[in-house]
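Q: Protein chains in written order, with our numbering: chain A, 1 to 142; chain B, 1001 to 1142. Glycine included, every Cβ here is placed at the ideal spot set by N, Cα and C. Source: prediction; values computed, not measured. Dumping the structure here so I can ask a few things about it.
Number of protein chains: 2
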Amino acid sequence: MLTIGTLAKKTGTKVQTIRYYEQIGLLPEPGRSAGGQRRYGDAELDRLSFVRHARQLGFSLDAIRELLDLSDHPDKSCAEADAIARRQLRQVEQRMARLEALRTELQRMVHDCGGGQTANCRVLEVLRDHSECLTDHDGIGA
Amino acid sequence: MLTIGTLAKKTGTKVQTIRYYEQIGLLPEPGRSAGGQRRYGDAELDRLSFVRHARQLGFSLDAIRELLDLSDHPDKSCAEADAIARRQLRQVEQRMARLEALRTELQRMVHDCGGGQTANCRVLEVLRDHSECLTDHDGIGA
DNA sequence: AGTACATCCTCTAGCTACTGTAGATTCAAG
DNA sequence: CTTGAATCTACAGTAGCTAGAGGATGTACT
């Protein structure tokens, strides 16, 4: 039986995050010690590892909820899990494309910066006037 | 003189977002009409455009605050603005590297999915067992 | 002048995915 | 039996907005 701290260490999760996952129903309520502290078994360890791994791959908690549900029903079709992963892949590719454009623009900004005074700073100039951009970036950072 | 709605349209910002920027001190309090509605001039339009453009390039509101401050003092050294932009560029490059790893992993997941039952679904298997990953992805989505 | 309707106002709450804090309790080692 | 680390609950806070309620204002038309 694992304490919440040990589980946290084993999965690279913060203790509070585990309690948060329990609160939002992503993890089941675990058993408790006589004194009321949470005690976990291997099933919970596996489930939390699954969640963390999916988070590292960028899946949202909602998507993970769906994946866990699929994982709990081995007779269901694989198609749904595949669809979720494909959706995730598309998102990742979109983010990469946006970042690519941002990188180009930022590189140009810092490259052109002569290091003089802000009055004619390239960085600020570009920010002031979008028309100076060579790329059409449209998304926010992510 | 522009109403908040017109300013919103011209800058591609939501009305609430403009009020939010004002609230957190990113935009100055504008003048008001007799009835108490906000009225904006060209200075505000420029400032908001600057903010939006920087946001599109992924700068945080805190970084934008710094950049605006530099922009307000044309005699200051350009070095700070350059440093902020370089920091941003580094972040973008880090995010890209992480996404690259995630994309590889996701591609492998969906490619290997045979479309059978979830019991032997490749997607779920990979999520269950990190050791099946070829890449070491460590960041969350962004 | 009256009326209809879009836009505006303030205020509050909600979103994602956590993270941090305070004050009290429990556990394990010596 | 004490000490100190870990745990408990509950609540507040983070970024960067977004949405809604309930009411006031602005403008165009008759």
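Taking the C-alpha atoms as reference points, what is the distance between A/Met-109 and A/Ser-77?
A: Residue mapping note: residue 109 of chain A aligns to position 109 of the first sequence, counting from 1. Residue mapping note: residue 77 of chain A aligns to position 77 of the first sequence, counting from 1. Distance between the alpha carbons of A/Met-109 and A/Ser-77: 50 Å.
Q: Can you give the Cα-Cα distance for B/Leu-1099 and B/Val-1051, rounded to whole angstroms?
A: Indexing the second sequence from 1 puts residue 1099 of chain B at position 99. Indexing the second sequence from 1 puts residue 1051 of chain B at position 51. Each residue's Cα considered, the two are about 26 Å apart.
Q: On the DSSP bridge assignment, give the partners of B/Arg-1039 in chain order.
A: Counting from 1 along the second sequence, the entry for residue 1039 of chain B is found at position 39. For B/Arg-1039, which the question treats as bridged, DSSP gives the partners B/Gly-1031.
Q: Run through chain A and tell me which residues come within less than 7 Å of B/Gln-1086, C-beta to C-beta.
A: Looking up residue 1086 of chain B in the second sequence gives position 86. Note that residue 1086 of chain B is Arg in the sequence shown here, rather than Gln. Within chain A, the residues near B/Arg-1086 are Val-110.
Q: Less than 8 Å between the C-beta atoms of A/Leu-68 and A/Thr-13, yes or no?
A: Counting from 1 along the first sequence, the entry for residue 68 of chain A is found at position 68. Counting from 1 along the first sequence, the entry for residue 13 of chain A is found at position 13. Cβ atoms of A/Leu-68 and A/Thr-13: not closer than 8 Å.
Q: For B/Gly-1031, return the contacting residues in chain A, with the cut-off set at a CB-CB distance below 7 Å.
A: Against the second sequence, residue 1031 of chain B aligns to sequence position 31. Those do not exist, as B/Gly-1031 stays about 23 Å from chain A at its closest Cβ, beyond 7 Å.
Q: Rounded to whole angstroms, what is the Cα-Cα separation between B/Pro-1030 and B/Pro-1074?
A: Taking the first residue of the second sequence as position 1, residue 1030 of chain B is located at position 30. Taking the first residue of the second sequence as position 1, residue 1074 of chain B is located at position 74. Whole-angstrom Cα-Cα distance: 23 Å.
Q: How many Å lie between A/Gln-91 and A/Pro-28 at the Cα?
A: Taking the first sequence and counting its residues from 1, the one referred to as residue 91 of chain A is at position 91. Taking the first sequence and counting its residues from 1, the one referred to as residue 28 of chain A is at position 28. Looking at the two C-alpha atoms, the distance is approximately 29 Å.
Q: Check distances from the C-beta atoms of the stretch 1061-1083 of chain B to those of chain A and list, in chain order, the residues that come in under 7 Å.
A: From the stretch 1061-1083 of chain B, only Leu-1067, Leu-1070, Ser-1071, His-1073, Pro-1074, Asp-1075, Lys-1076, Ser-1077, Cys-1078, Ala-1079, Ala-1081 and Asp-1082 have a Cβ closer than 7 Å to chain A.
Q: Would B/Asp-1112 and B/Arg-1122 be called neighbours here (beta carbons separated by less than 8 Å)?
A: Counting from one through the second sequence, the residue named residue 1112 of chain B turns up at place 112. Counting from one through the second sequence, the residue named residue 1122 of chain B turns up at place 122. A contact, by the Cβ cut-off of 8 Å.
Q: Which residue's Cα is closest to the Cα of B/Leu-1057: A/Arg-103, A/Gly-5, A/Ala-8 and A/Lys-9?
A: In the second sequence, the residue the question calls residue 1057 of chain B occupies position 57. Nearest C-alpha to B/Leu-1057: A/Arg-103.
Q: Give me the subset of the stretch 92-110 of chain A whose CB atoms are less than 8 Å from a CB atom of chain B, sorted by chain position.
A: Going along the stretch 92-110 of chain A in chain order, one finds Val-92, Glu-93, Arg-95, Met-96, Leu-99, Glu-100, Leu-102, Arg-103, Glu-105, Leu-106, Gln-107, Met-109 and Val-110 with a Cβ nearer than 8 Å to chain B.
Q: According to DSSP, which residues form a beta bridge with B/Leu-1002?
A: The residue you call residue 1002 of chain B lines up with position 2 of the second sequence. BP columns for B/Leu-1002 point to B/Tyr-1040.
Q: Enumerate in chain order the residues of its own chain whose CB-to-CB distance from A/Ile-84 is below 7 Å, with the five nearest sequence positions on each side excluded.
A: One-based indexing of the first sequence puts residue 84 of chain A at position 84. Answer for A/Ile-84: Ala-63, Glu-66 and Leu-67, listed in chain order.
Q: Quick one: list the residues of chain B neighbouring A/Ala-54, beta-carbon separation under 8 Å, in chain order.
A: Here residue 54 of chain A refers to the residue found at position 54 when the first sequence is read from its first residue. Near A/Ala-54 (Cβ distances below 8 Å), the residues of chain B are Leu-1127.
Q: B/Tyr-1021: which of B/Glu-1125, B/Thr-1011 and B/Leu-1061 sits nearest, CA to CA?
A: Taking the second sequence and counting its residues from 1, the one referred to as residue 1021 of chain B is at position 21. Nearest option by C-alpha distance: B/Leu-1061.
Q: In chain A, which residues lie with their C-beta within 8 Å of the C-beta of B/Val-1015?
A: On the second sequence, residue 1015 of chain B is found 15 positions in, with the first residue counted as 1. Residues of chain A passing the Cβ test: none, with the nearest at roughly 18 Å.
Q: Do you know how far the Cα of B/Ala-1054 is from the Cα of B/Asp-1082?
A: The sequence position of residue 1082 of chain B within the second sequence is 82, counting from 1. The sequence position of residue 1054 of chain B within the second sequence is 54, counting from 1. Spanning the two alpha carbons is a distance of roughly 14 Å.
Q: Exposed or buried, which one is B/Gly-1005 when buried takes at least 16 other CB atoms within 10 Å?
A: The residue labelled residue 1005 of chain B in the question sits at position 5 within the second sequence. Looking at its Cβ environment, which holds fewer than 16 other Cβ atoms inside 10 Å, B/Gly-1005 is exposed.
Q: Counting C-beta neighbours from all protein chains within 10 Å, is the total for A/Ile-18 16 or more, i.e. buried, or is it exposed?
A: Sequence index remark: in the first sequence, residue 18 of chain A carries index 18 (1-based). Counting Cβ neighbours within 10 Å, A/Ile-18 comes out buried, since at least 16 surround it.
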